[in-house]
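Remarks on the structure that follows.
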Amino acid sequence: DVWVWLRGDDRGELVLRARAIEQALAPAFALQDAVDGFRYSNDRDLSGYEDGTENPTGDDALAAAIVTGQGAGLDGSSFVAVQQWLHDFDRMEHIASGDMDHIIGRRRSDNEELDDAPEFSHVKRTAQESFEPEAFMLRRSSPWSDARRAGLYFVAFGCSFRAFDVQMRRMSGADDGIVDGLFRFTRPLTGAYFWCPPMKDGKLDLSALGL
6 DVWVWLRGDD RGELVLRARA IEQALAPAFA LQDAVDGFRY SNDRDLSGYE
56 DGTENPTGDD ALAAAIVTGQ GAGLDGSSFV AVQQWLHDFD RMEHIASGDM
106 DHIIGRRRSD NEELDDAPEF SHVKRTAQES FEPEAFMLRR SSPWSDARRA
156 GLYFVAFGCS FRAFDVQMRR MSGADDGIVD GLFRFTRPLT GAYFWCPPMK
206 DGKLDLSALG L
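Per our numbering, the very first residue in the sequence shown carries number 6; after that it's consecutive.
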């Protein structure tokens with residue numbers, strides 16, 4: 006499988022670029038799915054909460070997202086985890102504002118982390134510095150929608166899949182039986198892992214694949 010991620014402000018340009026890529030990959034690959042994402046209210050999820058608050062920045066972001074020390078063909082590459090989450094808006098709208106804050110672990114009004122956030126809160130379940138070793142990744146998620154459904158298209162880049170794996174295990178309750186409160190109003194429809202090759206001389210370096 007091949008995953009192609011296009012970003013831009015001009016929707017028409019994105020449509021044309023997607024078509025050009027689809028034609029370039031045919032007939033070896035055929036389009037199976039396309040998800041339209043968008044930016045909402047200064048990088049908020051459709052639940053109204055800010056997304057990616059704990060993203061690393063600068064050199065820390067590079068260290069979290071980019072492979073180093075593995076040799077030619079791998080150095081400069083990245084691993085990406087992709088999930089399409091579907092929100093249950095009817096259920097979400099019946100959760101009291103204070104209860105939603107405790108599910109997330111932050112106040113929706115100002116994005117401040119709650120001192121009394123419960124162990125099932127998303128903040129506690131995924132605190133990247135709480136893992137040993139730490140489990141940082143670089144998130145680039147966005148809301149998505151089609152004619153009848155909407156949610157979050159989760160995208161996270163890492164120097165390996167470890168950070169994503171350990172966070173998902175804790176979210177699901179596999180480690181201690183405590184399930185992330187997010188599952189009360191949203192669930193993943195799809196999930197996949199991909200490898201993003203490094204660039205060399207302005208082109209994809211596929212030497213790690215023997216190409």
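Beta carbons: idealized from backbone N, C-alpha and C, even for Gly.
Q | Straight-line gap, Ala155 to Tyr45 (C-alpha atoms, nearest Å) | A | 12 Å
Return yes when the Cβ of Asp210 is within less than 8 Å of the Cβ of Gly78, no when it is not.
yes
Quiz prompt | Start and end residues, beta strand (DSSP E) containing Glu160 | solution = Here residue 160 turns out to be Val, not Glu, going by the sequence shown. First-last of the beta strand (DSSP E) with Val160: Ala155 to Gly163.
### Query
Under the rule that 16 or more other beta-carbon atoms within 10 Å means buried, what is Val128, buried or exposed?
Per the 10 Å Cβ criterion, buried.
If you run the structure through DSSP and keep just helix, strand and coil, what is Gln75?
For Gln75, the secondary structure class from DSSP, reduced to helix, strand or coil, is coil.
**Study point:** Start and end residues, beta strand (DSSP E) containing Gln89
**Key:** Ser83 to His92
- Query: Do Leu51 and Pro148 have their CB atoms nearer than 8 Å?
  - Reply: yes
query = Do you know whose CA, among Ser114, Ala140, Arg192 and Cys164, lies nearest Tyr198's CA?
reply = Cys164
Review point. Is the region 180–193 touching the region 117–133, taking contact as three or more C-beta pairs under 8 Å?
Key: yes
Checklist entry - Can you check whether the CB of Ala140 is closer than 8 Å to the CB of Gln89? => result no
* If you count every other CB in all the chains shown that lies within 10 Å of the CB of Ala33, and 16 or more means buried, which is it? -> exposed
Item to complete: Under 8 Å by Cβ, that's how I've got His107 and Ala86 pegged, so tell me the actual separation to the nearest angstrom.
Response: 26 Å between Cβ atoms; not a contact.
>> Helix, strand or coil, according to DSSP, for Ser150 in the structure here?
In response: strand
**Message:** So if DSSP puts Phe199 in a beta bridge, which residue, or which two residues, is it bridged to?
**Reply:** Val85
Just to confirm my understanding: we take Ile183, look at its own chain, exclude 5 residues before and 5 after, and list those with CB closer than 6 Å. What are they? Glu124 and Phe125
State buried or exposed for Gly110, treating a residue as buried only when at least 16 other CB atoms are found within 10 Å of its CB. buried
Could you give the distance in angstroms between the alpha-carbon of Arg167 and the alpha-carbon of Thr62?
19 Å
- Cβ of Ala69 within 8 Å of Cβ of Met142? Less than 8 Å separates the beta-carbon of Ala69 from that of Met142.
Subject >> Alpha-carbon to alpha-carbon, Arg113 and Glu55 >> reply: 8 Å
Exercise for the section: Give the straight-line distance between the Cα atoms of Phe169 and Phe162, rounded to the nearest whole angstrom. Expected result: Going by the C-alpha atoms only, they are around 9 Å apart.
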